[in-house]
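A short worksheet on the structure shown next.
Residue numbers (the numbering used here): 7 to 86.
Structure (structure tokens):
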């Protein structure tokens with residue numbers, strides 16, 4: 007048995023003839039979420055910084071393996 011992601015008919019050889027046994031349609035989904043943040047008046051707001059440190063996240067916009075050299079520009083990033 008083989009796992010197949012491509013769209014199309016699936017067939018097996020039965021008694022020397024090829025028989026269509028099904029159809030594959032890739033799974034597709036979409037999701038959304040809402041985040042509400044309540045902040046008291048005055049002072050520093052959510053996400054505001056009071057220093058000059060560069061803000062970044064190690065894996066933002068990454069998919070797959072991460073090159074440790076690409077993380078060197080992130081302030082406060084410790085590479086174990």
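Built from N, CA and C at the ideal position, the CB exists for glycine as well.
Looking only at its own chain, which residues have a Cβ that is under 7 Å from the Cβ of residue 11, when we skip the five neighbours before and after it?
32
Determine the extent of the beta strand (DSSP E) in which residue 16 is found, giving its start and end residues.
14 to 20
Return helix, strand or coil for residue 24, following the three-state DSSP convention.
strand
Could you work out which residue in 29, 39, 37 and 43 is closest to residue 13 when comparing CA atoms only?
29
Should residue 17 and residue 26 be called a contact, given that it needs their Cβ atoms to be closer than 8 Å?
yes
Taking just the CA atoms, how far does residue 48 sit from residue 36?
37 Å
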